[in-house]
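Chemist: Questions regarding the structure given below will be posed in turn.
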Amino acid sequence: MVEQLSYTGNLEVGKPADYNFYLTASVYNFSFWFNGETLILPIGEFILFVRENDPVLKADIYSPPGSSRVGISPDIVKHVLGLSEDLRGFYELASKDPLLSDSIRVLAGMHFRAVTPWLASLVAVCQQNASFKQGWRMYYNIIKAFGKRVRIRGLETYIPPEPGVILRAGPEVLRATRIGYRARTVTGLAELFSRKPYLNTWDIRPVELEEELSSVKGVGEYTKRLVLALSLRYYGKPPIDRWLRKIASVVYGVEEESVEEEYVKRWGNWSGLAALYTTVALDAEPLSTALERIRAGLTRPDPSKYSPLTLWKYL
DNA sequence: TGCCAGGCGGGGT
DNA sequence: ACCCCGCATGGC
Numbered sequence: 002m003v004e005q006l007s008y009t010g011n012l013e014v015g016k017p018a019d020y021n022f023y024l025t026a027s028v029y030n031f032s033f034w035f036n037g038e039t040l041i042l043p044i045g046e047f048i049l050f051v052r053e054n055d056p057v058l059k060a061d062i063y064s065p066p067g068s069s070r071v072g073i074s075p076d077i078v079k080h081v082l083g084l085s086e087d088l089r090g091f092y093e094l095a096s097k098d099p100l101l102s103d104s105i106r107v108l109a110g111m112h113f114r115a116v117t118p119w120l121a122s123l124v125a126v127c128q129q130n131a132s133f134k135q136g137w138r139m140y141y142n143i144i145k146a147f148g149k150r151v152r153i154r155g156l157e158t159y160i161p162p163e164p165g166v167i168l169r170a171g172p173e174v175l176r177a178t179r180i181g182y183r184a185r186t187v188t189g190l191a192e193l194f195s196r197k198p199y200l201n202t203w204d205i206r207p208v209e210l211e212e213e214l215s216s217v218k219g220v221g222e223y224t225k226r227l228v229l230a231l232s233l234r235y236y237g238k239p240p241i242d243r244w245l246r247k248i249a250s251v252v253y254g255v256e257e258e259s260v261e262e263e264y265v266k267r268w269g270n271w272s273g274l275a276a277l278y279t280t281v282a283l284d285a286e287p288l289s290t291a292l293e294r295i296r297a298g299l300t301r302p303d304p305s306k307y308s309p310l311t312l313w314k315y316l
């Protein structure tokens, strides 16, 4: 069953001169949410069609039948798109960084789109103990299996599921998303966000969200930090996994045990963003390939690869 | 064919 | 505080 959404208005938001819409729309995205030109942005029950209309971004708003029409504020759109995120401090550090200085030339103006804490937690769990490809395939499967299929202007897209949808669907549908043993964790997260819906906002304090996430079995330090970065734009604590731990130990010449300390010393409140940028700069290559690329000085993204920036062309 | 990953927790020491 | 192992799945 495909539901039809209808046009209910539009809004314009200012676009800073150094903001790169194409990169922001591209990074870690799927084909049903970006086609190379228009960003199809689900926010709550609404879908926004966002495109560049210099010097602003223009968003057409589509709503389900009988919906309240209110509920999309420019501030929300700005948060999601990172329009009020001032990255100058980050670029200053990155320009002197042995790993990222090269890539910021081509990635300047890219922001990571924010998702809700609930969806960020799904993304994060899918990254656990899996390659980039497998992780995003799992998240893709979840959106397609549980999301709401909607039609707008003749094209089909998906509104991601609320946590209750996953709880009601039963374990066999979840198994079909091929997330393996992560299913337990996803169920635990769905229970948490169902029980405490106030956690699933962009106003929640990072420490509170972090603490609540800790109660879910299967959610550890890495997952929590990734959630804070992807939903709240909180970058003070970097999500360091085996991949980044090894890479940073090589690049900065420190023991793996002290990578986090070194990372926070260098990046401060930009630590989490630096971690995310690193995955883009190295095309999220598996560890051994990533290390070879660093040795060869190939630390810019390669547009011909299946990578965080081109994922939307493949899935 | 077997390994073995952008984690994590449980059970050992 | 540490190791160390299993875990679902898919990619190589």
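In terms of our numbering, the first sequence has 282 at position 281, counting the first letter as 1, and numbering is strictly consecutive. Glycine included, every Cβ here is placed at the ideal spot set by N, Cα and C. Treat the numbers as computed from the prediction; the structure is a model and nothing was measured.
For ASP98, which residues in the same chain have their Cβ closer than 8 Å to its Cβ, ignoring the five residues on either side in sequence?
Modeler: If we look at ASP98 and ignore the five residues flanking it on each side, its Cβ neighbours are ARG267 and ALA275.
Chemist: Tell me whether the beta-carbon of VAL174 lies closer than 8 Å to the beta-carbon of ILE160.
Modeler: Contact: no.
Chemist: Which runs of the beta strand (DSSP E) fall wholly inside the segment 131–157 and span at least 3 residues, in chain order?
Modeler: Correct list: 149–153.
Chemist: Rounded to whole angstroms, what is the Cα-Cα separation between LEU42 and ILE48?
Modeler: Using only the alpha carbons, I get a separation of about 6 Å.
Chemist: Evaluate the contact criterion for the segment 52–63 versus the segment 105–124: three or more CB pairs, one atom per stretch, below 8 Å.
Modeler: No: fewer than three Cβ pairs fall under 8 Å.
Chemist: Would the segment 115–125 and the segment 218–232 be scored as touching if the rule is three or more Cβ pairs under 8 Å?
Modeler: Verdict: yes, contact present.
Chemist: Three or more beta-carbon pairs under 8 Å between the segment 186–201 and the segment 209–224, yes or no?
Modeler: At 8 Å Cβ cutoff, the stretches touch.
Chemist: To which residues of the same chain is GLU257 closer than 6 Å at the C-beta, ignoring the five residues directly before and after it?
Modeler: Closer than 6 Å at the Cβ level, and outside the excluded window around GLU257, lie ARG246 and SER250.
Chemist: What do you get for SER272, buried or exposed, if any count of 16 or more other CB atoms within 10 angstroms of its CB means buried?
Modeler: That one is buried.
Chemist: I need the straight-line Cα distance from TYR92 to PRO302, nearest angstrom please.
Modeler: So the two alpha carbons sit approximately 17 Å from each other.
Chemist: Can you grab the Cα-Cα spacing for the pair GLU38 / GLN5, in whole Å?
Modeler: Whole-angstrom Cα-Cα distance: 22 Å.
Chemist: Please report the distance separating the alpha-carbon of VAL220 from that of GLN129.
Modeler: Cα to Cα, VAL220 sits roughly 9 Å from GLN129.
Chemist: If contact is defined by three or more beta carbon pairs under 8 Å, each pair taking one atom from either stretch, is the segment 24–33 in contact with the segment 298–315?
Modeler: With a cut-off of 8 Å, the segment 24–33 and the segment 298–315 count as touching, because enough Cβ pairs lie within range.
Chemist: Closest by CA to ASP242, which one among GLY155, GLY10, PHE133 and ILE77?
Modeler: For the residues GLY155, GLY10, PHE133 and ILE77, the minimum Cα distance to ASP242 belongs to PHE133.
Chemist: Among PRO56, TYR253, GLU261 and GLY165, which residue has its Cα nearest to the Cα of TYR223?
Modeler: Measuring from the Cα of TYR223, the nearest candidate turns out to be GLU261.
Chemist: Determine the direct distance from the alpha carbon of ALA191 to that of CYS127, and round the result to whole angstroms.
Modeler: In a straight line, the C-alpha of CYS127 is about 14 Å away from that of ALA191.
Chemist: Suppose contacts are defined by Cβ-Cβ distances below 8 Å. Is TRP34 in contact with THR188 by that definition?
Modeler: Not in contact: TRP34 and THR188 (Cβ atoms no closer than 8 Å).
Chemist: Could you tell me which uninterrupted beta strand (DSSP E) segments, each at least 3 residues in length, are contained entirely in the segment 18–66, listed from first to last along the chain?
Modeler: As far as the segment 18–66 is concerned, its whole beta strand (DSSP E) runs of at least 3 residues are 40–44, 47–54 and 57–64.
Chemist: Would the beta-carbon of ALA95 fall within 8 Å of that of ILE105?
Modeler: Contact: yes.
Chemist: Helix, strand or coil, according to DSSP, for TYR235 in the structure here?
Modeler: Residue state, collapsed to three classes: coil.
Chemist: For my contact list, GLU46 and PRO65 are in at a C-beta cut-off of 8 Å; report their separation, rounded to the angstrom.
Modeler: The pair is a contact, with the Cβ atoms about 6 Å apart (cut-off 8 Å).
Chemist: Spatial neighbours of TYR20 within its chain, please: CB distance less than 7 Å, with the 5 preceding and 5 following residues excluded, ordered by chain position.
Modeler: LEU84 and GLY110, listed in sequence order.
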